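Positions 0 to 706 (numbering that gives the first Met the number 0) are the ones given, in order, by the sequence shown. Backbone N, C-alpha and C fix where the C-beta goes; we use that ideal spot for every residue, glycine too. Note that this is a predicted model, so its numbers are computed, not measured. To start, the structure itself, in structure tokens.
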Amino acid sequence: MVALLWLPFGFSITGLIEEWDVLALFTLREPFIWVSPDGPLAPHRLRPLTVAPHAIGYLLDPNSFAYWHALLMGSLLLKGIGAGLMGWWLTHSRRWAAVLGLLVVFYPADTMQLSFRSFHIDWSISLSLLAVALCAFGYTLQKPWQRAIAMLLAVPCAVLATFAYEAALTFVVVPLLLLYARFGVRGALAKVNGHRIVSAAWIAGILVNVAYVLYAKGSGETYQASLVGTAMQIDVVDRLQRVVGIGFGRTLVGGWLDALAITWFEYRTHLYLALCAVLVGYTVWRSSRALPGENALADIATPSTSVVRLGITGLVMIGLGYLPFAASLPHLEISQRTFLGAAPGGALLCVGVLIALTRRSWGLGVVVTAAALVVAFAAQMFQFDHYRRLSATQQTLLGDIVGNVPPPRLDQTLVIIDKRDQLNDVWMVREGMVMALTYLYDRPIERPIICSPSGNVWQFPNVEGRLGTCEATEDGWNLTEAPLVSAPGTPAATRQIKRSAAVVVTLEADGTTTSSASPEALENYRRLLETGHSSVAERYRNILRRQPWPLAFEQFRTERASDRFRWDFGRWWSMEQPTRGSGWIAGRWTIANHTLPVWRSAAWKTLPEATLQFDLLPDARPYTLTARVLQIVPPTTPESIKLRVNDHLIAVTWKDASTLSAEVPADALKIGTNVIAFDSPVTRDPTPLSFLIDWVSLDPVPPSPAN
């Protein structure tokens with residue numbers, strides 16, 4: 000079933016953010032599996048195996064992501080096996096074991112399972128599930144040698160899981176919860192008391208993890224401490240309310256609502272999804288066929304299973320899986336990786352509900368179970384496509400840079416003129432460009448300078464996240480960091496780049512690329528890229544200019560050029576595409592509905608001129624531009640907001656207090672790249688703000704009805 004996720008996409012996902020950092024470290028140093036206190040990732044030593052999957056993939060092939068994909072597929076397979084064993088132990092039903100395994104793998108709450116950013120977390124959760132399932136079997140297996148084998152496998156898996164991701168430590172209480180789910184409180188206590196060696200072995204593994212955590216915390220500052228801050232800074236009641244409202248709300252309701260909406264709205268065709276539904280149904284049926292002498296209806300209804308205790312166990316597991324993120328406010332505002340630990344609890348609760356439905360009505364239970372699996376699978380397919388699209392955009396941008404600029408010398412500065420307005424987001428390697436190019440060029444380079452001519456923006460955030468300015472001169476570029484709000488009166492740091500010491504690559508708005516490299520040197524360099532066997536050439540061909548996947552086909556609605564445009568800064572929580580433009584703070588997510596846990600994204604305008612670039616195949620008719628403005632901050636007023644489309648000044652009217660409208664003449668638009676520009680004043684302190692916008696749309700005026 001895992002292979003079905005990859006079949007339409009192949010190995011198309013590449014590094015996105017931290018993956019480039021890790022690959023650059025492997026390039027500058029030797030690959031390492033264990034994070035040591037004196038190593039390059041010392042602040043992450045609480046999770047010493049955090050880069051182990053990346054290192055193994057790099058060691059197998061340093062010039063592609065092929066083995067990374069194989070290892071990611073392996074982690075999902077192991078996750079399904081661990082959850083399936085847990086389901087079998089709880090219900091004695093192969094059918095519900097298969098359903099639980101599939102639900103855990105496809106559960107729709109988290110939005111980063113299929114990115115290499117969560118590589119180590121996927122392996123950690125998978126090993127944790129396998130460990131708790133084996134520990135549960137250790138309490139019920141009859142023969143001592145069987146119990147010994149189970150615990151000899153369970154304890155190392157649990158220890159390795161926590162070494163990969165410290166939040167997995169919350170799984171150590173899950174075996175007790177499983178005992179309660181199957182035997183009740185008295186039965187669970189009797190099992191623990193009657194199998195003290197099993198309990199002692201499990202506790203020994205816990206002590207190993209706790210001892211390492213204490214050692215790591217005592218050996219210096221850690222990444223986790225920088226996120227959490229001091230205990231006095233945390234409002235415990237507020238954080239617990241967020242755990243309930245966000246953690247349980249998303250796991251139980253919000254994730255499923257998004258999955259249903261994605262299945263309905265985002266698919267261009269449901270053909271492949273229907274085929275996968277048939278294959279999943281067939282697999283579940285085959286895996287749960289009654290053997291000779293077995294009662295098929297009993298296998299489905301599992302009369303010995305308490306659905307109430309399953310539900311309670313699932314709820315507690317959701318809380319345990321999400322609770323570690325309560326200490327970090329930024330993690331409470333995203334759905335990436337924060338719900339991977341809660342997903343097994345959500346899946347177990349769902350299985351309890353499905354068993355209850357099946358007992359009441361066999362047909363209803365089968366239909367709802369099939370629908371849940373299909374919808375969950377559909378959401379995972381869309382998530383895969385989301386990261387594929389991010390990877391494809393990065394591949395184009397990095398390919399245009401690497402393919403047009405030979406590796407710069409250490410005394411040269413690479414200046415990237417981004418007229419496409421795409422290198423403006425953390426997902427577009429804005430901060431990670433130096434690490435990505437260090438890996439792709441297979442050598443250290445100076446930090447590149449990224450300049451966006453629109454607004455003269457230097458894409459270099461200061462410690463407060465504010466961007467500087469980049470002004471082109473005859474001799475080069477004057478760079479000025481954004482002033483620090485926390486240090487008023489402190490002069491902003493400035494820097495000048497001489498053209499004579501720079502290598503310049505320009506990413507043109509029409510998709511072409513120009514370079515300051517000499518034509519002869521560029522021709523020889525490109526020949527080496529296409530035919531050479533160096534790491535630079537192989538990484539260029541295997542990562543940046545990969546051949547199209549032969550089984551790829553369009554099953555999702557894409558943002559290809561059409562006769563209309565809409566941009567909403569993100570439709571699905573934490574799965575927004577970077578904005579193609581300048582002058583915006585990346586989408587901010589808020590609860591869109593006070594009744595249902597559904598999130599929506601909006602963006603703040605932060606520069607005097609903010610732009611949106613888009614491709615259009617315009618109609619001959621006039622157009623209507625509409626924007627929903629949620630908040631305006633003085634000195635901006637509705638009257639001070641000016642609008643230009645391709646340098647044509649457009650009159651603005653307001654339909655109501657939050658809806659901006661403008662009539663755009665047909666001759667203001669063109670085939671290809673178009674630009675919408677909003678002009679308005681911004682605040683000075685503490686952060687430049689003008690107005691908060693929900694979405695922008697540009698649609699042709701409907702034809703007048705015939706008389």
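Kindly list the residues whose CB is nearer than 8 Å to the CB of Arg28, restricted to its own chain and excluding five residues on each side of it in sequence; keep chain order.
Within the sequence shown, the letter at position 29 stands for residue 28. Excluding positions up to five away in sequence, the list reads Pro39.
Nearest CA to the CA of Ala97: which residue from Leu356, Leu76 and Gly313?
Taking the first residue of the sequence shown as position 1, residue 97 is located at position 98. Nearest C-alpha to Ala97 among Leu356, Leu76 and Gly313: Leu76.
When you compare each of Gly246, Cys469 and Ala486 to Leu478 by their alpha carbons, which one comes out closest?
As a working note, residue 478 is residue 479 in the sequence shown. Taking only the C-alpha atoms, the option nearest Leu478 is Cys469.
For Ser114, which three-state DSSP category applies?
By one-based count along the sequence shown, residue 114 stands at place 115. Of the three classes helix, strand and coil, the one that applies to Ser114 here is coil, per DSSP.
Cβ shell of Arg116 (< 8 Å), same chain only, five flanking positions each side left out
As a working note, residue 116 is residue 117 in the sequence shown. The answer, listed in chain order, is Leu15, Ile16, Glu17, Glu18, Gln335 and Arg336.
Residue from Val663, Leu113 and Ala224 with nearest C-alpha to Ala2
To locate residue 2, count along the sequence shown from 1; it is residue 3. Of the listed residues, the one whose Cα sits closest to Ala2 is Leu113.
C-beta contact flag for Arg249 and Ala108 at 8 Å
Numbered from its first residue, the sequence shown carries residue 249 at position 250. Numbered from its first residue, the sequence shown carries residue 108 at position 109. Against a cut-off of 8 Å, the Cβ pair of Ala108 and Arg249 comes out as a contact.
Could you pull out every unbroken beta strand (DSSP E) segment of at least 3 residues lying fully inside the stretch 617-645, listed in chain order?
622-631 and 641-644
For the alpha helix (DSSP H) holding Glu522, just list the boundary residues, first then last.
Translated into positions along the sequence shown, residue 522 becomes position 523. Looking at the DSSP string, the run of the alpha helix (DSSP H) that includes Glu522 is Pro518 to Thr530.
Would you mind sorting Thr658 into buried or exposed? The rule is 16 or more other CB atoms within 10 Å of its CB.
In the sequence shown, counting from the first residue as 1, residue 658 sits at position 659. Exposed.
DSSP beta-bridge partners for Val172?
On the sequence shown, position 173 is the one that residue 172 refers to. DSSP, once it has assigned bridges, lists no residue as partnering Val172.
If you run the structure through DSSP and keep just helix, strand and coil, what is Val462?
Position 463 of the sequence shown, counted from the first residue, corresponds to residue 462. In this structure, Val462 counts as coil in the three-state DSSP scheme.
Quick one: what does DSSP say Leu71 is sitting in, helix, strand or coil?
As a first step, residue 71 is located in the sequence shown; it is residue number 72 there, counting from the start. Helix, per DSSP.
Whose C-beta lies closer than 6 Å to the C-beta of Leu528 among residues of the same chain, with five residues either side of it excluded?
Indexing the sequence shown from 1 puts residue 528 at position 529. Closer than 6 Å at Cβ, skipping near neighbours: Ala536 and Tyr539.
Three or more beta-carbon pairs under 8 Å between the stretch 120-137 and the stretch 408-424, yes or no?
no
If you scan the stretch 175-257 from start to end, which runs of the alpha helix (DSSP H) of 4 or more residues do you find wholly inside it?
Listed in chain order, they are 195-217, 222-227 and 235-241.
Helix, strand or coil: how does DSSP classify Ile692 here?
Position 693 of the sequence shown, counting from 1, holds the residue named residue 692. Strand at Ile692.
For Gly310, which residues from the same chain have a beta carbon less than 6 Å from its beta carbon, with the 5 sequence-adjacent residues on both sides left out?
For this step, residue 310 is matched to residue 311 along the sequence shown. The residues are Leu348 and Gly351.
What does a CB cutoff of less than 6 Å around Ala508 pick up in its chain, not counting 5 residues either side in sequence?
For the purposes of this step, residue 508 is taken as the residue at position 509 of the sequence shown. Lys418, Arg419 and Thr672.
Output the distance between the C-alpha atoms of Ala491 and Ile400, rounded to the nearest integer angstrom.
For the purposes of this step, residue 491 is taken as residue 492 along the sequence shown, with counting starting at 1. For the purposes of this step, residue 400 is taken as residue 401 along the sequence shown, with counting starting at 1. So the alpha carbons of these two residues sit roughly 30 Å apart.
Buried versus exposed call for Thr493 [16 or more other C-beta atoms within 10 Å across all chains shown]
Position 494 of the sequence shown, counted from the first residue, corresponds to residue 493. Thr493 is exposed by the Cβ-count criterion.
Output needed for Val50: all residues of its chain with C-beta closer than 6 Å, excluding positions within five of it in sequence on either side, in chain order.
As a first step, residue 50 is located in the sequence shown; it is residue number 51 there, counting from the start. Closer than 6 Å at Cβ, skipping near neighbours: Val21.
Is the stretch 616-630 in contact with the stretch 679-699, if contact means three or more CB pairs nearer than 8 Å?
yes
Could you check if Asp646 is buried or exposed, using at least 16 other CB atoms within 10 Å of its CB as the buried criterion?
Sequence index remark: in the sequence shown, residue 646 carries index 647 (1-based). By the 10 Å Cβ count, Asp646 comes out exposed.
Are the CB atoms of Ile12 and Ser515 nearer to each other than 8 Å?
On the sequence shown, residue 12 is found 13 positions in, with the first residue counted as 1. On the sequence shown, residue 515 is found 516 positions in, with the first residue counted as 1. Not in contact: Ile12 and Ser515 (Cβ atoms no closer than 8 Å).
Supposed contact pair Ile584 and Thr557 - C-beta distance, whole angstroms, cut 8 Å
As a first step, residue 557 must be located in the sequence shown, where it is residue number 558. As a first step, residue 584 must be located in the sequence shown, where it is residue number 585. So it is not a contact: roughly 26 Å between Cβ atoms.
Report back the beta-carbon spacing between Gly204 and Val158 to the nearest angstrom; my notes put them in contact at under 8 Å.
The count along the sequence shown starts at 1 and reaches residue 204 at position 205. The count along the sequence shown starts at 1 and reaches residue 158 at position 159. About 5 Å separates the two Cβ atoms, so the contact holds.
Give me the Cβ distance between Arg444 and Gly475, rounded to the nearest whole Å; I'm assuming they're in contact under 8 Å.
Taking the sequence shown and counting its residues from 1, the one referred to as residue 444 is at position 445. Taking the sequence shown and counting its residues from 1, the one referred to as residue 475 is at position 476. First, the amino acid is wrong: residue 444 is Ile here, not Arg. With 8 Å as the limit, Ile444 and Gly475 do not qualify as a contact, their Cβ atoms being about 18 Å apart.
Spatial distance of Ala667 from Tyr438 (CA atoms)
In the sequence shown, the residue the question calls residue 667 occupies position 668. In the sequence shown, the residue the question calls residue 438 occupies position 439. Rounded to whole angstroms, Ala667 to Tyr438 spans 43 Å at the Cα level.
How long is the line joining the alpha carbons of Ala481 and Asn461, rounded to whole angstroms?
Residue numbering aside, residue 481 sits at position 482 when the sequence shown is read from its first letter. Residue numbering aside, residue 461 sits at position 462 when the sequence shown is read from its first letter. The straight-line gap from Cα to Cα measures roughly 7 Å.
Do three or more CB pairs link the stretch 145-156 to the stretch 194-210 at distances below 8 Å?
Result yes; three or more Cβ-Cβ pairs closer than 8 Å.
What residue ranges within the stretch 661-692 form continuous beta strand (DSSP E) runs of no fewer than 3 residues, ordered along the chain?
671-678
Ignore the nearest five residues each way along the sequence and tell me which others in Ala189's own chain have a CB closer than 8 Å to its CB.
Here residue 189 refers to the residue found at position 190 when the sequence shown is read from its first residue. Taken in chain order, the residues that qualify are Phe182.
Could you tell me whether the Cβ atoms of Tyr164 and Ile120 are closer together than 8 Å?
Translated into positions along the sequence shown, residue 164 becomes position 165. Translated into positions along the sequence shown, residue 120 becomes position 121. It is a contact, given that the beta carbons lie within the stated cut-off.
Which value, in whole angstroms, describes the spacing of the CA atoms of Gly344 and Thr312?
Working through the sequence shown from its first residue, we reach residue 344 at position 345. Working through the sequence shown from its first residue, we reach residue 312 at position 313. Whole-angstrom Cα-Cα distance: 7 Å.
Alpha-carbon spacing of Asp709 relative to Val597, whole angstroms:
Nothing about residue 709 can be reported from this structure: the residues present for the chain run from 0 to 706 only.
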